[in-house]
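Residue numbering for the sequence shown follows the numbering used here, starting at 1 and increasing by one per position.
Glycine is no exception: its CB is placed at the ideal position from the N, C-alpha and C atoms.
Here the structure is a predicted model, which is why all the values come from computation and not from measurement.
Notes to accompany the following structure.
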Amino acid sequence: IAESRLYELSKILDVPTSYFFEGLAEEAVNPADNAMDIVSAVASIKDEQLKSRIITFIQDVAGTTTARTA
């Protein structure tokens with residue numbers, strides 16, 4: 001949601017914009033940490049065919065699959 005939308009909603013609901021973010025700081029996860037965990041786990045897979053299939057699966061789920069040549 002755009003910042004301007006949150007601002008408009010806060011005015012309509014008569015709440016501060018921070019209302020929409022309450023409790024998020026405690027639960028926030030650094031995406032870079034998750035990415036490094038995934039990279040490390042995939043890199044440790046010895047079976048190259050399995051590794052390739054897992055990478056393709058992750059790309060499919062993320063919607064970023066690119067054409068590969070075998």
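Element boundaries [alpha helix (DSSP H), containing residue i]
| i | result |
| --- | --- |
| A35 | 31-43 |
| E8 | 3-13 |
Backbone secondary structure at residue i - three-state DSSP
| i | result |
| --- | --- |
| K46 | coil |
| A62 | helix |
| I54 | helix |
Pair within 8 Å by beta-carbon distance, residue i and residue j
| i | j | result |
| --- | --- | --- |
| V42 | I54 | yes |
| L6 | T17 | yes |
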